[in-house]
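Read the structure below first, then the notes.
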Amino acid sequence: MSAALRAELFKQRSTRTDLGLFAAMLSLVTFVVLLHGFNLAAGNVDSTSKQLTVLFGWGEVFGALFAALLGAMSITGEIRHGTIRPTFLVTPERRRVVAAKVWASMLIGTGFGLVAGAVAAGVGTAALRARGLDVRLDEGNYALLAAGGAAAAALWAAIGVGVGAVVRNQVPALVGICVWLLFIENLLVGDIAGVGDVGRLLPGAAGRAISGQGSGTLLAPAVGVVLLALYAAAAAVAGSLATSRRDVD
Amino acid sequence: MNRLMAAAGHGPGMHGAVVNIILIVLAVSALSAVLVRAVRSRKRPTKQSEARSGSWSVTADGPAARATVGGDPREKSASTHVHPRDAVVSVQGLTKRYGEVVAVDDLTFSLEAGTVTGFLGPNGAGKTTTLRLLLGLAEPTGGEALVFGRRYRELDQPARRAGAVLESNDFHPGRSGGDHLRALALAAEIPPSRVDEVLELVELAANADRQVKTYSLGMRQRLGLAAALLGDPELLVLDEPANGLDPAGVHWLRSFLRSFAEGGRTVLVSSHVLAEVAQAVDQVMIIDRGRLVAAARLDELTGGGQTLEEVYLGLTARGAS
């Protein structure tokens, strides 16, 4: 493990930022899955695909979202508080700093995604059982929820670092990620007249596909993970280039 | 249709609408919390932005502004007898433009080991920009700035060669002072025991576990200095280190800089406060509107019976405006 990576992991755990994000993620996943689990009409959760997409998939969505926020804050926070200056004085090769932030955020993002996927699976299952509805997931579905959620969150953490490095200003970067994942992508999913079904090729949809959601409407999980990895690599490279070329105020 | 909506909104029909409204409310409240914090903790303007809005350095335009001590500052440089390759700091024709504004204009100087050099000039003269160029935080438009004969970014283990403090508050407010140093020590591959040493050195050991947001300005200045000293460097670069220090703090800083240089190490310290500098430095460089207007030993500069203040005001034309 490189010195820069060790330093990044230490930075992440020496403030309460990650803990706050983790707590917010846990409460949102629990709240939203409970809400859906108890409120959706029985007819909307009567198949494996529907259950994955409208109920259990929330774990992946919030895992990816909060991992992206964590990744973005790992660099926008340094810019905002000025610690980017001592960081670059100690490690003047900025690509190494960005790479360390990508790996550190992916590592912690994996944990976020795993926990979010597992909590959604547990809470969703409990909610359906409490209503006396059938849980139509098998072991493979559960495994994909957790593993796919972890992979999607890890890759989204890398995207977050890239977005943070390019945007640099903390509030616009975080707002942009939230707006993109929670609203814009939802508007673009489905057949768009004249363009066709491009929505499922977007990074948020690819993340959902990884955890097994939207069979038929989204990509296969394996294709989703490859596509999202390409997005993550592109974002990391863009962030690295932007960081290396710009002056630090 | 139902499937599409499910995929799109993650919630079909009425439930989808309810959940979306709840999500919007949650997102808005979370974002407003972030915004409120951002506004509250907005840092004071940096030296750079103060510099750009500084007025009197722009309006000062008297004939004295272009005067130099003894003509070409390069000839009069306090370190002309040092070959630039042997110099600790070697700056040649350094220029930095921001659009139309020339922040640093063809600056040339070198510093030899064991000296304490005061880098003086009005706000906005280009001091901070020069130091950022020297330390690889900004790229020069022209010329070069070398540290130990190389560009800063090309140094092996730069923290062990040079230490710098460019702003007085470059800390995460929620991280403890000790952890701030530990993170830098990890990145620089410096043993953790050195963190405790520098904390003792700047007299912060008792406060190392407190979050930086509880620190006074003087404590933050000392924490920044501790970070610069982590690698036990041969060169120390400080930008306005005495800002906000009380008289005891300034005294402590001066004696620290003297003892640091006595071991053959080198200090470059910028300031616009002359009194704090005069007692601590061997030589001064005065910069005005990006250009070097004087570089000499302190005793040479004040040899004609003038005080440093009189020389400075004459050269930077503050007195003329």
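Protein chains in written order, with the working numbering: chain E, 1097 to 1345; chain G, 85 to 405.
Positions of the beta carbon are idealized from the N, C-alpha and C atoms, including for glycine.
Within the 9 Å Cβ cut-off, does residue i reach chain B?
i	result
P242/G	No chain B is part of this structure, whose protein chains are labelled E and G.
Could you check if residue i belongs to the surroundings of the ligand SAH, using beta carbon to heavy atom distance under 8 Å?
i	result
F193/G	With respect to the ligand SAH, the structure shown offers nothing to examine, as it has no ligands at all.
Where residue i and residue j are concerned, what is the direct C-alpha to C-alpha distance, given to the nearest angstrom?
i	j	result
L1166/E	G1256/E	7 Å
Y396/G	V200/G	18 Å
L1210/E	V1321/E	15 Å
L1352/E	W1252/E	The structure shown does not extend to residue 1352/E, since chain E is modelled only from 1097 through 1345, so no value can be given for it.
T164/G	P1299/E	For T164/G, the predicted model reports a pLDDT of 41, less than 50, meaning its position is unreliable; a value from the coordinates is still stated below. Answer to the nearest angstrom: the Cα atoms are 60 Å apart.
L1117/E	G1159/E	10 Å
L218/G	A1338/E	21 Å
D1345/E	I1180/E	10 Å
G308/G	G1245/E	41 Å
G247/G	L358/G	23 Å
R306/G	T400/G	30 Å
L221/G	A364/G	27 Å
L1122/E	K297/G	28 Å
V142/G	G208/G	Residue placement at V142/G cannot be trusted, given a pLDDT of 23 that sits under 50; what the coordinates show is reported in the next sentence. Using only the alpha carbons, I get a separation of about 8 Å.
L329/G	F203/G	18 Å
N1135/E	V1267/E	34 Å
V1157/E	S1110/E	27 Å
L1240/E	A1316/E	12 Å
A1163/E	L1277/E	12 Å
N1140/E	V1186/E	55 Å
P275/G	L265/G	11 Å
T1221/E	R1102/E	38 Å
A1099/E	S174/G	29 Å
T1183/E	A1318/E	37 Å
S343/G	L1124/E	56 Å
L239/G	P1188/E	9 Å
L322/G	V334/G	13 Å
D1142/E	A1248/E	26 Å
L1151/E	G1312/E	17 Å
T1126/E	A332/G	55 Å
For my contact list, residue i and residue j are in at a C-beta cut-off of 8 Å; report their separation, rounded to the angstrom.
i	j	result
T1144/E	R1227/E	Not a contact, Cβ separation roughly 17 Å.
E1104/E	A1250/E	Not really, about 15 Å apart at Cβ, beyond 8 Å.
G1335/E	V1262/E	6 Å
A345/G	G198/G	6 Å
G1295/E	R1304/E	That pair is no contact at about 11 Å.
V429/G	A310/G	The structure shown does not extend to residue 429/G, since chain G is modelled only from 85 through 405, so no value can be given for it.
E360/G	R245/G	Actually they are not in contact, since the Cβ atoms of E360/G and R245/G sit about 26 Å apart, beyond 8 Å.
G225/G	K180/G	Correcting the residue type first, residue 225/G is Thr in the shown sequence and not Gly. That belief holds up - the Cβ atoms of T225/G and K180/G are roughly 5 Å apart, short of 8 Å.
T192/G	G210/G	Going by Cβ atoms, the distance from T192/G to G210/G rounds to 13 Å, so no, they are not a contact pair.
R278/G	A289/G	Wrong, their Cβ atoms sit about 13 Å apart, outside the cutoff.
R304/G	N253/G	6 Å
V1128/E	W1154/E	5 Å
L1148/E	G1308/E	5 Å
A1217/E	A1242/E	7 Å
Applying the criterion that 16 or more other CB atoms from any shown protein chain within 10 Å of the CB defines a buried residue, is residue i buried or exposed?
i	result
E1174/E	buried
E1235/E	exposed
G155/G	In this prediction, G155/G scores a pLDDT of 34, lower than 50, which makes its location untrustworthy; no coordinate-derived value is stated.
I1280/E	exposed
S260/G	buried
S1170/E	buried
T391/G	exposed
E223/G	exposed
V1215/E	buried
A324/G	Sequence check: residue 324/G is Glu here, not Ala. Buried, because 16 or more other Cβ atoms sit within 10 Å of the Cβ of E324/G.
P206/G	buried
D383/G	exposed
D372/G	buried
P242/G	buried
D189/G	buried
S339/G	exposed
Give the DSSP bridge partners of residue i, in chain order.
i	result
K180/G	V188/G
M1121/E	According to DSSP, which records beta bridges pairwise, M1121/E is partnered with nothing at all.
V68/G	Residue coverage of chain G in this structure runs from 85 to 405, which leaves residue 68/G outside it and unanswerable.
D372/G	R375/G
L1337/E	In the DSSP output, where bridge partners are listed per residue, L1337/E has none listed.
V173/G	L195/G and V231/G
S260/G	Q295/G
R381/G	Q367/G
G247/G	L320/G
G226/G	T179/G
Restricting to runs no shorter than 4 residues, where is the alpha helix (DSSP H) found entirely within the stretch 272–338 of chain G? 276–285 and 301–313
Restricting to runs no shorter than 4 residues, where is the alpha helix (DSSP H) found entirely within the stretch 1288–1321 of chain E? 1299–1306
4-residue-minimum alpha helix (DSSP H) runs that sit fully inside the stretch 1108–1194 of chain E, ordered along the chain: 1113–1135, 1144–1147, 1154–1177 and 1180–1186
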